[in-house]
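First comes the structure, then the notes that go with it.
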Amino acid sequence: MIGEEAMQKRALVVGLGIAGMSAAIGLRRAGWTPVIVERAAERRTEGYYIFLFPEGVRAVADLGIADHLHTRNPEWRPGGNSWSVDRRGRRKPVLGLLDAPSGVAAVLRGDIEAALWQGITGDGAEDAVEVRFATTPVEITEGAGGVRVLLEDAGSGKQYREGFDLVVGADGMRSSVRRMVFGPDEDYLANWKAMICAFQMKEQVPSYEASDSVIVSRPKRAMWVFGLADHAPCAWLTYRTKGIPDRFAGPSIEQVRAAFSGMDDDPVVRHVLHSLEQAPDHVFDSIHQVRMRRWSKGRVVLVGDAAWCMNTYSAMGSSSSLRGGAALGVALREHPDDLSAALDAWETGLRPYITRQQRSARIKQQRFVPSSRLAEALGSVVLDLIRRVVHRRMAAEYTAWSALSGTAR
Ligand SMILES: Cc1cc2nc3c(=O)[nH]c(=O)nc-3n(C[C@H](O)[C@H](O)[C@H](O)COP(=O)(O)OP(=O)(O)OC[C@H]3O[C@@H](n4cnc5c(N)ncnc54)[C@H](O)[C@@H]3O)c2cc1C
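Take a look at the structure:
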């Protein structure tokens with residue numbers, strides 16, 4: 123039962139991404155009044171390909187937005203939907219992440235954010251969470267019984283102070299809340315000496331089925347095309363590099379082209395690089411992991427990439443952001459009169475899962491972009507063995523299902 127006092131509590135959530143909206147729904151379910159501030163002038167709707175793992179799918183259900191989530195898993199075909207292209211341009215079937223028996227969902231980031239948006243806007247104005255666009259915090263000061271935040275409206279340049287009972291920093295890997303309250307980025311960002319570029323393609327690589335996934339992976343650089351059921355595929359390019367460039371210095375497309383030079387005699391690589399030039403926008407960034415001993419300090423707590431960015435190789439950032447936001451709401455509901463006990467319980471419950479995922483990202487990195495020719499060869503042998511077993515089982519299920527449903531496939 124939530125006390126009258128708890129019903130009045132207000133939280134400032136910084137960031138309208140997956141973590142911020144999940145936390146806002148969790149807070150509202152715990153009887154709090156969240157207010158979201160977002161730096162951008164409007165809600166982003168685009169985004170790259172995301173594998174949503176069962177933890178994320180469960181959190182979507184816990185947040186009450188499962189009916190709003192649009193998933194785009196391609197229908198599985200005997201022989202699989204994922205292909206690897208070797209140095210001589212030959213394709214062979216490979217184990218795709220969607221072949222995992224655990225039920226991974228293929229979505230775009232915009233699909234998750236659209237479902238969360240439905241959740242925070244609610245059934246009517248009374249339920250809706252207040253969202254202020256083009257607004258950022260510029261100063262956070264904790265005092266007795268509350269946090270004073272100096273907010274700035276980018277449109278008018280106006281600054282104003284407002285009091286909250288809790289501040290939730292959900293403003294991504296380069297979080298400004300973390301910088302203001304916990305310290306500089308250098309204290310928390312572990313540099314993985316690698317770059318990522320991701321974008322939505324207009325068209326599939328010629329000669330592949332629309333929903334196929336295609337991988338061209340060589341030591342230290344790899345290009346993945348992720349196929350979707352009802353959308354053009356997304357490209358995901360990554361390379362290892364010692365010198366992380368200033369991502370804002372010089373055109374990113376040139377940097378990507380230089381990183382893949384020598385591979386561009388392959389038609390898949392050529393098509394993807396050409397698509398990058400045609401794409402209206404793309405993500406280009408260095409890869410880091412955020413490591414923190416503690417995710418909260420007094421009345422300020424971090425969630426999602428701001429707190430524990432696992433990075434793109436883990437493929438668990440969205441799932442963990444959803445789970446983290448939902449769990450924060452549960453902890454606050456279970457400790458309505460003791461914020462510090464709620465934050466302790468939340469972190470104790472979540473930390474082992476986050477640590478496990480952060481550690482496993484190193485192994486997954488080898489899968490996505492091998493560090494050497496030996497790692498590439500070993501990975502290929504192991505994955506091929508697993509693929510044979512998994513695909514045999516899936517083919518049997520496929521045949522049984524076709525027979526049962528009477529569909530001629
Ligand atoms: C290419 C790529 C592929 C990925 N693939 C996967 C995958 O397959 N599976 C998976 O689970 N995860 C994946 N991820 C990770 C996943 O996208 C992130 O972990 C997740 O989106 C993090 O959400 P977030 O809300 O914490 O941060 P963000 O998405 O970074 O959102 C932060 C929000 O805060 C806002 N903001 C920033 N600063 C301020 C400020 N000062 N004031 C107000 N607002 C501010 C931003 O505008 C933004 O809206 C991938 C990431 C990338 C880059």
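According to our numbering, the sequence shown is numbered sequentially starting from 123.
Every residue, glycine too, gets a C-beta built ideally from N, C-alpha and C.
Here the structure is a predicted model, which is why all the values come from computation and not from measurement.
- Set against 7 angstroms, the gap from the CB of V303 to the closest heavy atom of ligand 1 is not smaller.
- DSSP, read as helix, strand or coil, puts A354 in coil.
- Judged by the Cβ position, P176 fails to qualify as a neighbour of ligand 1 at the 7 angstroms threshold, every heavy atom of the ligand being at least this far.
- When beta bridges are read from the DSSP output, R340 appears opposite R343.
- The beta-carbon separation of A227 and T257, rounded to 32 angstroms, does not stay under the 8 angstroms limit for a contact.
- The DSSP assignment places complete beta strand (DSSP E) segments of no fewer than 3 residues inside the stretch 403–491 at 405–412 and 422–424, in order along the chain.
- Annotated three-state conformation of A320 is strand, per DSSP.
- Bounds of the beta strand (DSSP E) holding V260 are T257 to G265.
- Taking each of S333, L219, L450 and Q480 in turn and checking the Cα distance to A152, the smallest one comes out for L450.
- When secondary structure is reduced to three states using DSSP, W239 falls in the helix class.
- For the pair of segments examined, the stretch 473–493 was found to touch the stretch 434–452: the number of CB pairs separated by less than 8 angstroms reaches three.
- When secondary structure is reduced to three states using DSSP, L191 falls in the coil class, being assigned neither helix nor strand.
- For S224, no beta strand (DSSP E) encloses it, and the DSSP letter there is neither H nor E.
- The C-alpha of H353 is placed about 39 angstroms away from the C-alpha of L454.
- Note that the stretch 312–330 touches the stretch 350–364; at least 3 beta-carbon pairs, one per stretch, sit closer than 8 angstroms.
- With a 10 Å radius around the Cβ and a threshold of 16 neighbouring Cβ atoms, G142 comes out buried.
- Our two residues, G211 and V336, have alpha carbons roughly 12 angstroms apart in a direct line.
- The beta carbon of G169 lies closer than 6 angstroms to those of L230, R231 and G232 in the same chain, with the five residues before and after it left out.
- Taken from the Cβ of W417, every heavy atom of ligand 1 lies 7 angstroms or farther away.
- Taking C-alpha positions only, K131 is separated from H404 by approximately 39 angstroms.
- The C-beta of S442 has 16 or more other C-beta atoms within 10 Å across all chains shown, which makes the residue buried.
- At least 8 angstroms separates the beta-carbon of P196 from that of S329.
- Assignment of E252 by DSSP, reduced to helix, strand and coil, places it in the strand class.
- Non-local C-beta neighbours of A146 in its own chain, meaning closer than 7 angstroms and more than five positions away in sequence, comprise V135, P156, I158, I242 and V251, ordered along the chain.
- Relative to ligand 1, the beta carbon of M438 is positioned inside 7 angstroms of a heavy atom.
- Put simply, of N313, L472 and F173 the residue whose alpha carbon is nearest the alpha carbon of K364 is N313.
- About 6 angstroms separates the beta carbon of L217 from that of I508, a gap short enough to meet the 8 angstroms contact definition.
- Going by DSSP, V135 is part of the beta strand (DSSP E) stretching over R132 to V136.
- The residue from M317, D309 and P259 with its alpha-carbon nearest to that of V289 is P259.
- Each of E264, Y282, V338 and E331 was checked against the Cα of M302, and the nearest Cα belongs to E264.
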